[in-house]
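Read through the structure below, which is laid out as structure tokens, and then see the notes.
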Amino acid sequence: MEQFRGVGDKATLVKITVLRGNNLRGNKAESILNYVRAEFNGIVLGDSQKLDAAVDQGVDYNFTCSFECSDAAHTLDDMAHKPVILTVIEVLPKEKKQKEEKTAVIGQAIVDLLPLLHGQVSFLSTVLLHPTPGSPAEAASQEGSCKVGPSLDVTVCVPEPLLSGVQLSDSNLLKVTVETAYSVPEVWNPVSGSGPLSSYVAALQVPLTAEKEQVLMFSNGLLKVGGESEPMGRPRKWPLGPLLAPGAQFIPGVSMEGEPIEMEDGDLTSIEDRDFRKEAETNKKRVSWDTERRCFLDAEGAACLTRRIAESRLWPVEVMRSPQVGATKGGKAGKDKGMYADSRTYIIIEIALEKSLVPKRSPEELAKRVMELIPPRAPLPRRPAGAERAVQEYQAQIASVAGQVLEQYQQLFGPAFLPGEKPLDPTSQEQRKTKLLGELNYSGKYFAFKEQIKYSVVRIVREKMLRTEAFSDPEQLQAFLSQLYVFLVDEMHVALNKTLSVDAQETQPRPLVDCAQLIHFAKEAQLNGDYQLAAQYYQEQLTRDRSDPAHWFDYGVLYMLTADYQKAEECFHYAVSMERTHLPSLLMCGILAEMGGRLEEAETFFEGATCVDPANVVAWTLFAWSQILYVCNNNTRVGFTAQSDLGPGWKRAEAEPSAMRHLATPTRLNTTIYMETVQFLLQNNALQMAQRALAQELLCPGGGLSSSYHLALARLQMLRAEYGSAESSLKEALNDSFQDPDVWALFGHIHHLTGEFGKAQECYERTLDFVTDATDTHPIYLRLGSIYLQEGEFQRAKTTYLRACKSSPSCLTWLGLGIACYRLGELTEAEDALTEANILNNGNAEVWGYLSLVCLQTGRRLEAEQSYKYALQLNLQKEAVLHEIKALQDHVGFGNPCF
């Protein structure tokens with residue numbers, strides 16, 4: 001990190017040049033003899049020459065003064081919150097017998113030096129000259145005779161930037177604005193005037209550098225009697241003492257912008273407090289400061305501020321009241337404390353940073369149209385209907401009959417096709433044909449074949465030939481039968497060619513959803529507590545490939561979540577039977593065996609896992625536990641006699657501790673073998689063993705109460721629905737890793753599960769703002785998007801769901817995007833998103849419900865009715881959606897098949 005200038009370093013000269021004065025007015029009507037005085041940080045920098053100028057005309061001062069910026073005096077922090085004060089002074093004409101020159105202050109101007117802290121080396125500014133009370137400029141302003149007010153043209157420059165590029169990037173600017181203290185005690189300066197006048201000061205302490213703490217003082221608080229609210233847009237004041245020109249005390253271009261109470265962070269923000277706040281901010285006494293104090297923070301100061309905030313979220317603010325005359329009697333502070341509580345006094349303070357302390361990710365480039373996110377797919381095969389379907393059915397029946405005839409032929413003459421047998425005589429083909437027909441007739445199969453084909457022929461007559469009535473003319477009947485016979489024979493040849501040709505085999509279309517997506521959808525259903533839907537996805541995965549051990553393992557993990565350990569064990573055993581070296585299944589079989597008290601069986605599985613992968617830390621850790629548990633269980637009366645009693649597996653683990661430590665951290669640094677094991681156990685819902693591993697982590701020399709320990713403990717407690725304990729664990733985790741997105745994500749999940757959606761929203765938004773992604777962003781997008789939909793923030797919901805559809809699309813992400821687009825009136829986008837959701841899961845009733853709404857809005861009657869019927873058949877549970885559909889059906893007059 002590049003260091004900032006220290007006390008012994010060369011100071012930088014800051015030059016201020018007053019170029020010109022415009023529209024100046026003095027006490028004399030014709031001309032004005034005046035000069036400019038420059039001040040900074042309580043020191044007079046110099047006076048210009050005295051110049052005579054005509055009233056309302058310009059005067060060229062070309063006056064230059066300077067000061068040195070260093071850590072010894074006139075620091076960067078001074079330049080952040082103290083402006084250069086320019087005072088224009090008129091030299092009055094001497095009267096008779098007057099020895100000394102008399103002067104009068106015309107006005108004061110303020111030059112803000114903040115651009116120099118932003119890396120500029122020079123800037124030109126025209127600053128207003130604020131008139132002093134009773135001056136000619138004030139009188140002209142009140143009368144309206146002066147259209148353009150007096151001003152000064154000023155340039156400020158430095159020979160080189162005050163901050164290098166690295167310093168500018170690493171530094172920060174803190175702005176603290178103390179606005180108003182409301183509902184102050186009634187004894188503060190009674191209206192009757194029975195007590196002395198008091199001064200009001202607010203103070204708080206912030207770290208400017210790693211070594212230096214700065215007390216920010218806000219003086220000159222103004223006590224006001226209630227009766228009206230503080231006006232919005234009032235200007236903010238410099239943290240200076242009283243100036244000669246009252247208008248110069250305000251920071252140019254900065255004003256108080258009121259925010260809704262619900263956007264505030266602090267106390268008295270609930271709905272129950274609204275009436276009290278309204279009464280206090282309108283009718284009760286208050287002390288107003290409206291003062292902004294800027295603080296320049298170097299890189300170490302910003303890091304220190306970050307660390308202090310992480311250590312303590314609550315910082316003290318002191319509000320002092322002291323009589324302007326006389327001393328405060330002892331015991332006053334304790335009495336005032338009680339007054340504050342009784343009056344419910346509160347103070348509004350705004351704290352802002354120019355740059356966030358925690359790096360924030362830049363806005364993501366999202367697709368402008370929903371269709372850009374939908375993956376390209378081959379068009380679905382067209383489903384035949386009417387005549388085409390009748391012909392295809394006839395061809396299918398021909399193929400079926402041909403297959404059965406071939407089976408019968410093989411039964412009669414099959415031995416002749418075996419190797420080494422005498423081949424069939426071609427000259428006896430007719431005899432074989434006669435024998436085959438005779439067998440078919442004798443067995444009744446010939447008649448069955450005719451019955452099988454009859455119904456498909458009838459459909460061809462009706463739907464292809466369009467004949468539904470009997471023939472009255474025999475010749476027409478004969479001609480029709482001839483035509484039908486020729487058609488049927490031709491189609492029979494087409495069917496037989498497809499059946500007997502190797503090249504003509506139709507390829508099965510690829511499933512729209514692959515196994516990876518099925519797992520993703522299943523885990524999403526688990527997240528939402530829909531275990532039945534999750535089971536359907538896992539079963540569909542098994543239907544596609546029952547020989548894949550990973551599919552059985554995934555299904556078993558679901559049963560672990562639902563605590564159906566018997567079925568879980570069956571799934572893991574199936575996986576091991578499919579593949580003896582499937583390591584996760586071996587470990588889970590061992591875990592369930594140990595949970596069932598079958599210690600020898602557990603030891604066998606764990607030992608087998610260490611043989612499959614000798615470098616696997618989790619396998620060795622579980623194997624060691626099983627050894628210890630087995631020995632303790634069998635030697636409770638005699639105890640340990642030698643290390644060899646632990647068995648060969650334990651000896652291997654003990655013999656290579658360095659290797660185990662190396663293997664424990666292949667991807668993650670600063671972890672232990674127990675935390676590696678905890679991650680595996682939590683991922684696969686082995687909660688009992690995970691608790692044991694966390695207990696071992698506390699005893700491990702390299703472990704203890706670390707951030708990763710508290711995070712894992714919170715995950716365990718959340719899975720057990722111990723939400724209060726989980727929240728406490730996460731607060732401990734934040735002490736060490738407040739920038740860990742996983743901690744904030746888990747905080748959001750806990751708030752969401754307990755119904756605190758506002759807090760969940762804050763945690764989710766903070767998580768997504770981090771530069772580093774959380775381990776799993778999918779549930780964050782889903783839940784944050786649903787919160788936005790509930791609050792009616794449809795544009796933010798759309799943006800959130802767009803990000804979800806881009807990173808991890810599912811039926812629910814597309815459904816959420818479709819709902820957001822529908823609420824925004826973007827019907828085409830909504831239909832595209834809902835169609836994609838329907839492709840991924842055509843059994844979601846809510847998708848069909850919103851498709852019906854879209855079709856009703858776009859006037860498509862048939863599709864609206866079909867979508868509505870599917871929504872009802874799938875038992876749509878959202879009553880609000882059903883009422884909305886029925887109301888829209890009544891409005892447009894269609895969409896309900898019952899009409």
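For the sequence shown, UniProt numbering assigns the number 1 to the initial residue and increments by one for each residue that follows. Yeah, the Cβ is synthetic: ideal placement off N, Cα and C, and Gly gets one too. Values in this document were obtained by computation on a predicted structure and should not be read as measured data.
Taking DSSP's pairing of strands, which residues face Leu86 in a bridge?
By one-based count along the sequence shown, residue 86 stands at place 86. Answer is Ala38, Ala109, bridged to Leu86.
Which term fits His891, buried or exposed, when burial requires 16 or more other beta carbons within 10 angstroms of its beta carbon?
Against the sequence shown, residue 891 aligns to sequence position 891. Flag for His891 reads exposed.
Give me, in chain order, the residues of the same chain whose beta-carbon lies closer than 7 Å to that of Arg37; leave out the 5 immediate sequence neighbours on both sides.
On the sequence shown, position 37 is the one that residue 37 refers to. Only Val44, Asp47, Thr87, Ile89 meet the Cβ criterion.
At which residues does the alpha helix (DSSP H) containing Cys700 begin and terminate?
Residue numbering aside, residue 700 sits at position 700 when the sequence shown is read from its first letter. Per DSSP, Cys700 lies in no alpha helix (DSSP H) segment and is marked neither H nor E.
For the beta strand (DSSP E) holding Glu884, just list the boundary residues, first then last.
Locating residue 884 in the sequence shown gives position 884, where the first residue counts as 1. No beta strand (DSSP E) contains Glu884, which is instead part of the alpha helix (DSSP H) from 879-892.
For the candidate residues Gly42, Ala203, Leu173, Phe250, whose alpha-carbon lies nearest to that of Leu128?
Working through the sequence shown from its first residue, we reach residue 128 at position 128. Ranking Gly42, Ala203, Leu173, Phe250 by Cα distance to Leu128 puts Phe250 first.
Please return the same chain residues whose Cβ sits closer than 6 Å to the Cβ of Val612, not counting the five positions on each side in sequence.
Position 612 of the sequence shown, counted from the start, is the residue given in the question as residue 612. So the list reads Thr581, Leu583, once near-sequence residues are dropped.
Where in the stretch 237-287 do unbroken runs of the alpha helix (DSSP H), each at least 4 residues long, occur, reported from the N-terminal end onward?
Runs of the alpha helix (DSSP H) inside the stretch 237-287: 274-283.
Using a Cβ distance threshold of 8 Å, determine whether the stretch 792-802 contacts the stretch 818-828, with at least three qualifying pairs required.
Enough Cβ pairs lie closer than 8 Å, so yes.
Mind checking which residues open and close the beta strand (DSSP E) that includes Pro207?
On the sequence shown, position 207 is the one that residue 207 refers to. That run of the beta strand (DSSP E) goes 198-207.
Please state whether DSSP places Lys10 in a helix, a strand or coil.
Against the sequence shown, residue 10 aligns to sequence position 10. Coil at Lys10, not helix or strand.
Close beta carbons around Gly816, own chain, < 6 Å, minus the five adjacent residues each side:
Position 816 of the sequence shown, counted from the first residue, corresponds to residue 816. Taken in chain order, the residues that qualify are Gly785, Tyr801.
By the DSSP assignment, the alpha helix (DSSP H) with Gly301 in it spans what residues?
Here residue 301 refers to the residue found at position 301 of the sequence shown. Taken as a continuous stretch (DSSP letters only), the alpha helix (DSSP H) holding Gly301 covers 299-311.
How many whole angstroms separate the CB atoms of Asp832 and Ile374, which I take to be in contact at a CB cut-off of 8 Å?
Against the sequence shown, residue 832 aligns to sequence position 832. Against the sequence shown, residue 374 aligns to sequence position 374. With 8 Å as the limit, Asp832 and Ile374 qualify as a contact, their Cβ atoms being about 7 Å apart.
Cut-off 7 Å between Cβ atoms - residues of its own chain near Gln857, not counting five sequence neighbours on either side:
Counting from one through the sequence shown, the residue named residue 857 turns up at place 857. For Gln857, where only same-chain residues beyond five positions count, the Cβ hits under 7 Å are Leu827.
Give, in chain order, every unbroken run of the alpha helix (DSSP H) that is at least 4 residues long and sits entirely within the stretch 403-447.
429-443
Kindly identify the DSSP beta-bridge partner or partners of Leu51.
Position 51 of the sequence shown, counted from the start, is the residue given in the question as residue 51. According to DSSP, Leu51 bridges with Asn34.
Just checking my contact of Thr209 with Asp298 at CB under 8 Å: how many whole Å lie between their CB atoms?
Working through the sequence shown from its first residue, we reach residue 209 at position 209. Working through the sequence shown from its first residue, we reach residue 298 at position 298. Indeed they touch by this definition, with Cβ atoms about 6 Å apart.
DSSP three-state label for Leu575, please.
Here the question's residue 575 lines up with position 575 in the sequence shown. Inspection of the sequence shows that residue 575 is occupied by Ala rather than by Leu. Correct three-state label for Ala575: helix.
From Pro150 to Val358, what does the alpha carbon distance come to, in whole angstroms?
Residue mapping note: residue 150 aligns to position 150 of the sequence shown, counting from 1. Residue mapping note: residue 358 aligns to position 358 of the sequence shown, counting from 1. Those two C-alpha atoms are separated by around 44 Å.
I believe Leu587 touches Val618 by the beta-carbon criterion, under 8 Å. Please report the beta-carbon distance rounded to the nearest angstrom.
Looking up residue 587 in the sequence shown gives position 587. Looking up residue 618 in the sequence shown gives position 618. Yes, Leu587 and Val618 are in contact; Cβ-Cβ is about 7 Å, under 8 Å.
Quick check for students: name the residue ranges of the alpha helix (DSSP H) that lie wholly in the stretch 787-836, counting only runs of 4 or more.
Counting only runs that start and end inside the stretch 787-836, the alpha helix (DSSP H) elements of at least 4 residues fall at 794-807, 811-823.
Could you pull the DSSP bridge partners for Cys69 from this structure?
Stepping through the sequence shown from its first residue, residue 69 is reached at position 69. Paired residue(s): Thr12.
What is the residue span of the beta strand (DSSP E) that Phe738 lies within?
Within the sequence shown, residue 738 is the residue found at index 738, counting from 1. Taken as a continuous stretch (DSSP letters only), Phe738 belongs to no beta strand (DSSP E), as it is neither H nor E.
Using the three-state DSSP reduction, which class does Val158 fall into: helix, strand or coil?
Numbered from 1 along the sequence shown, position 158 holds the residue referred to as residue 158. Reduced to three states, the DSSP call for Val158 is coil.
Below 8 Å, how does it come out for the stretch 307-325 and the stretch 229-238: are there three or more Cβ pairs, yes or no?
no
Please classify Glu654: does DSSP put it in a helix, a strand, or coil?
For the purposes of this step, residue 654 is identified with residue 654 of the sequence shown, where counting begins at 1. A caution first: Glu654 carries a pLDDT of 35, below 50, which makes its placement in the model unreliable, though a value can still be read off. Residue state, collapsed to three classes: helix.
Compute the beta-carbon to beta-carbon distance between Gly895 and Ala864, rounded to the nearest angstrom, for a pair I have assumed lies under 8 Å.
Along the sequence shown, one-based indexing puts residue 895 at 895. Along the sequence shown, one-based indexing puts residue 864 at 864. With a Cβ gap of about 4 Å, Gly895 and Ala864 count as contacting.
Could you give the distance in angstroms between the alpha-carbon of Arg344 and the alpha-carbon of Leu222?
Locating residue 344 in the sequence shown gives position 344, counting from the first residue. Locating residue 222 in the sequence shown gives position 222, counting from the first residue. In a straight line, the C-alpha of Arg344 is about 19 Å away from that of Leu222.
Please work out which residues of its chain come closer than 6 Å, Cβ to Cβ, to Ser707, disregarding the five sequence neighbours upstream and downstream, and give them in chain order.
Reading the sequence shown from its first residue, position 707 is the one you call residue 707. So the qualifying residues of the chain are Ala733, Asp736, Ser737.
Given 8 Å, three or more beta-carbon pairs between the stretch 478-486 and the stretch 431-448:
no
So, Leu113 versus Met79, is the Cβ gap smaller than 9 Å?
Position 113 of the sequence shown holds residue 113. Position 79 of the sequence shown holds residue 79. Yes. Within cutoff.
Checking 9 Å against the spacing of the C-beta atoms, do Val111 and Pro133 come in under that value?
Here residue 111 corresponds to residue number 111 of the sequence shown, with the count starting at 1. Here residue 133 corresponds to residue number 133 of the sequence shown, with the count starting at 1. Pairing Val111 with Pro133 gives a Cβ-Cβ distance that is not under 9 Å.
Skipping 5 residues on each side, what residues in its chain have a beta carbon closer than 7 Å to that of Val215?
Working through the sequence shown from its first residue, we reach residue 215 at position 215. Around Val215: Ala203, Gln205.
Does Gly893 pass the burial test, meaning 16 or more other C-beta atoms within 10 Å, or should it be called exposed?
If you number the sequence shown from 1, residue 893 lands on position 893. So Gly893 ends up on the exposed side.
Which of the three DSSP states is assigned to Gln214 in this structure?
In the sequence shown, the residue the question calls residue 214 occupies position 214. Strand, per DSSP.
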